[in-house]
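So the structure is just underneath, and the comments pick up after that.
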Amino acid sequence: MGVYERLILPRLVDAACGSASLARVRARVVPLARGRVLEVGYGSGLNLPFYDPGKVQRVLALEPADGLRAIALQRARSAAVPVEFVPASGESIPLADASVDTVVITFTMCTIPDVEQAAREMRRVLRRGGELLFAEHGTARSPGAQRWQRRIEPVWTPLAGGCRLTRDPPTILRAAGFEVEWSEGLLDGSLWSARTLGPLTYGYWGVAR
Ligand SMILES: C[S@@+](CC[C@H](N)C(=O)[O-])C[C@H]1O[C@@H](n2cnc3c(N)ncnc32)[C@H](O)[C@@H]1O
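For what it's worth, this note's numbering labels the leading residue of the sequence shown as 12, then goes sequentially.
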């Protein structure tokens, strides 16, 4: 792993994911989490302030990147909910079947290399009746924006730690056997400020069972 991935990328991810517009989306879904929670692609721990300590027993923070886990460890020290770090990948979750009440995944389905396998793993570890809460970005609605996403993706993906612009989170979840209970999104470009990705993204968030 080079200097960019080890030292620079974790700070860039923390800064980009720490924007106010993403915080507004986090605030819509993360407080719905309850019980024993698995967060897949925990990153630098930006969802932590949004967990309700009255409802959440423990957060199992699955994060494969050492640099992001190091930032997250600092944040977890002053947290109101207990956080247990799980240094693993979403494609192979080291937890028993039906062992968590909630799965949380935010701005990570774009990055997991085999996201279809990770979605099957999330379904395996979620107990019957549990909820998967997601807040993601993905393919745009308008054909014009989709064309731009496809053009820019080959340059964007290596710079952004593997992030793809063109995935379709609700479709991936349905293919893994989830029923997407509700899903909302914003019009192309309105989720992000002009300083981030402009019209190249579309926000998707909601609840799946
Ligand atoms: C854009 S960051 C989002 C971080 C965090 N979820 C947030 O909302 O701020 C994408 C995350 O996906 C993680 N990731 C990449 N490959 C992964 C994999 N195979 N399994 C789980 N997480 C992965 C990265 O390490 C990073 O934490």
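Backbone N, C-alpha and C define an ideal beta-carbon position, used for all residues, glycine too.
- Residue pairing from DSSP leaves residue 89 without any beta-bridge partner.
- Secondary structure note for residue 194: it is in no alpha helix (DSSP H), and the uninterrupted beta strand (DSSP E) holding it is 191 to 196.
- When the beta-carbon positions are compared, residue 111 and residue 49 come within less than 8 Å of each other.
- The DSSP assignment places complete beta strand (DSSP E) segments of no fewer than 3 residues inside the stretch 15 to 58 at 46 to 51, in order along the chain.
- For residue 77, the secondary structure class from DSSP, reduced to helix, strand or coil, is helix.
- Closest in C-alpha terms to residue 173, from the list 100, 124, 117, 47, comes 124.
- Taking each of 53, 117, 17 in turn and checking the Cα distance to residue 87, the smallest one comes out for 53.
- The secondary-structure analysis by DSSP pairs residue 182 with nothing; it has no beta-bridge partner.
- Apart from the 5 residues on each side of it in sequence, residue 77 has no Cβ closer than 6 Å to any other Cβ in its chain.
- Under the three-state reduction of DSSP, residue 137 is assigned to strand.
- About 16 Å separates the Cβ atoms of residue 116 and residue 67, ruling out a contact at the 8 Å cut-off.
- In the displayed model, residue 102 falls within coil according to three-state DSSP, outside both helix and strand.
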